[in-house]
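In this note's numbering, the protein residues as written are 103 to 489.
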Amino acid sequence: MTTNAVPQPAAVEQQARALLDARRFEEAEAMLRPHLASGTGPLVLWKQLAAAIRPQGKIRETCAIQEMLVAHAPGDFATRFDWSETLLLLGEFERGWREYRYRYSLAHTAQIERKVQRPRWSGQPIPGKTLLIHDEQGYGDTFQFMRLVSRAKAKSGARVVLEINAETLPLAQRMDGYDDIVARGSLPPAFDFHCEMMSLPMAMGLTLDDLPGTMPYLSADSQRVAKWRQRLDVLPRPLVALVWAGRPTHFNDANRSLTLAQLAPLAQPGVTFLSIQKGPAAAQAGEPPAGMSFLSLSDEIADFEDTAAILSTADLLISVDSSPVHLAGALGRPAWVMLPTVPDWRWLLERTDTPWYPTVRLFRQKSRGQWGDVMEAMAGTLAHLKT
């Protein structure tokens, strides 16, 4: 007589990992749940269950599991960071920002943490001192959180030195809220305290009610705007800038990027589409969708100053979750964002607007991986925009 042996946790973990790697999340959930039905079980299986249900949009349950995991293993910094992003996605900023500080405690991020031999500013008044605020992570993050520099100066009472990447330095130079500015990689003046740009929300206790703050907080260069206006004003309006793919090395790129061909339903008479796509996906502009009045500007864009000037001239940006969205929002320009069912934390859940940017509108997938409904909704709204 034979009996059905209960799979050992290691075997279950291995099978679940294979399903998660294949993005077969429903199957992974179905396999894991019986082993956790009693409410107990190996933490690794609970972590896998959270990884299986989060992409399905079961965010509150994911949050509860992650909170339990952190309580049982507070030294598991990867889980703490995952929990922070879930909390922020739910709009629970107080706990979310606190846990977000673990972003540099991971194996793949520890090497990029800025080692600073000065105390980190935690939001207290420091009149007479110098505070160094330095950017981090991607361009979109920098555009989004540059808004907090002036607020940090007001709260700290300090002399503020802003250190920022060279690519966004010209835009930052036209922004208020600091006393000195230097490019990342150069030696900053002497300072007493420092704070990463994305640690400012925790330091100042940023809440949803504090958003969006003073808008817009960035501006385009007037000479570049004049150049692009001369270049584009001969085209039929509305002028709609397009970005259909993000950075291919981004961990979540497969979930957020499209192909240009998938934007074919947007084509309609009287609308001129402008490609401002950069990176490998820009090559797709050589074969635009049939019936789409299309002009690629990608090769003419030298830097973010050009992008800002184009966005200030065009009537609308339609984009996946990418840095031009944050630049458009910071400039106070209209933008529509195409979002997957479970987006990056900063876009929150369900709402069609965003507290970060009053001029940005969100179009969300109704089913995971399916962009058809998004295209249909945007095409209908775009038709009204023409009238």
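Each residue gets a CB set at the ideal place from its N, CA and C atoms; glycine is no exception.
For clarity, every value in this text was computed on a predicted model and none was experimentally measured.
Which word fits residue i, buried or exposed, when buried means at least 16 other C-beta atoms lie within 10 angstroms of its C-beta?
| i | result |
| --- | --- |
| V336 | exposed |
| R222 | exposed |
| S421 | buried |
| L310 | exposed |
| P436 | buried |
| A112 | exposed |
| A256 | exposed |
| R466 | buried |
| R453 | exposed |
| L419 | buried |
| S83 | In the structure displayed, the chain extends from 103 to 489; residue 83 sits before or after that span and is not available. |
From residue i to residue j, what does the alpha carbon distance come to, in whole angstroms?
| i | j | result |
| --- | --- | --- |
| L413 | G381 | 18 angstroms |
| G315 | V345 | 26 angstroms |
| R162 | W148 | 15 angstroms |
| W438 | V462 | 6 angstroms |
| T105 | S469 | Because T105 carries a pLDDT of 46, less than 50, the predicted location of this residue cannot be relied on, and no value is offered for it. |
| R126 | M133 | 11 angstroms |
| Q332 | R326 | 10 angstroms |
| S400 | E115 | 45 angstroms |
| Q168 | W185 | 6 angstroms |
| L236 | A268 | Inspection of the sequence shows that residue 236 is occupied by His rather than by Leu. Rounded to whole angstroms, H236 to A268 spans 12 angstroms at the Cα level. |
| L122 | G193 | 26 angstroms |
| L368 | Q117 | 41 angstroms |
| H428 | A152 | 29 angstroms |
| L189 | A305 | 17 angstroms |
| H174 | G141 | 14 angstroms |
| A254 | F293 | 15 angstroms |
| Q226 | V146 | 39 angstroms |
| C165 | P338 | 48 angstroms |
| R197 | P426 | 29 angstroms |
| L138 | D423 | 35 angstroms |
| P157 | V444 | 6 angstroms |
| V262 | L233 | 5 angstroms |
| V218 | G230 | 20 angstroms |
| I378 | D417 | 14 angstroms |
| F396 | A384 | 13 angstroms |
| G177 | A322 | 45 angstroms |
| L320 | R182 | 33 angstroms |
| R349 | P457 | 24 angstroms |
| V172 | N357 | 26 angstroms |
| A124 | A154 | 11 angstroms |
Would you mind working out which of the options sits nearest residue i, comparing C-alpha positions?
| i | options | result |
| --- | --- | --- |
| T374 | L484, L308, Q158, E128 | L484 |
| W330 | W223, P371, E201, A404 | A404 |
| G259 | F295, D475, P157 | F295 |
| R276 | L289, F247, S324 | S324 |
| T415 | P371, L334, M477 | L334 |
| T361 | P390, F247, R339, S207 | P390 |
| M248 | M299, L234, L308 | M299 |
| H486 | G307, P371, T142 | P371 |
| M394 | T409, Q379, V251, A363 | A363 |
| E129 | G143, Q150, P144, Q110 | Q150 |
| G279 | V251, F406, W199 | V251 |
| Y459 | D312, F406, S359, Y206 | D312 |
| T264 | F396, Q219, A285 | Thr is not the amino acid found at residue 264; the sequence shown has Leu there. When only C-alpha atoms are compared, the closest one is A285. |
| R203 | D281, S301, C297, P136 | S301 |
| E187 | M170, L171, R205 | R205 |
Identify every residue that forms a DSSP beta bridge with residue i.
| i | result |
| --- | --- |
| D375 | Just to set this straight, residue 375 is Phe in the shown sequence, not Asp. Per DSSP, V342, F396. |
| H236 | E265, E298 |
| F465 | M440 |
| R222 | H296 |
The ligand ZN and residue i: does any heavy atom of the ligand fall closer than 6 angstroms to the residue's C-beta?
| i | result |
| --- | --- |
| P457 | The ligand ZN is not part of the structure shown, which contains no ligands of any sort. |
- Where in the stretch 384 to 456 do unbroken runs of the beta strand (DSSP E), each at least 3 residues long, occur, reported from the N-terminal end onward? For the stretch 384 to 456, whole beta strand (DSSP E) runs of length 3 or above, ordered along the chain, are 395 to 398, 418 to 422, 437 to 441.
**Message:** Threshold first: 4 residues or longer. Then list the alpha helix (DSSP H) segments lying entirely within the stretch 281 to 313, N to C.
**Reply:** 302 to 306
Which residue spans inside the stretch 140 to 216 form an unbroken alpha helix (DSSP H) run of at least 4?
DSSP assignment within the stretch 140 to 216 yields the following whole alpha helix (DSSP H) runs of 4 residues or more, N-terminal first: 145 to 155, 161 to 174, 179 to 191, 195 to 202.
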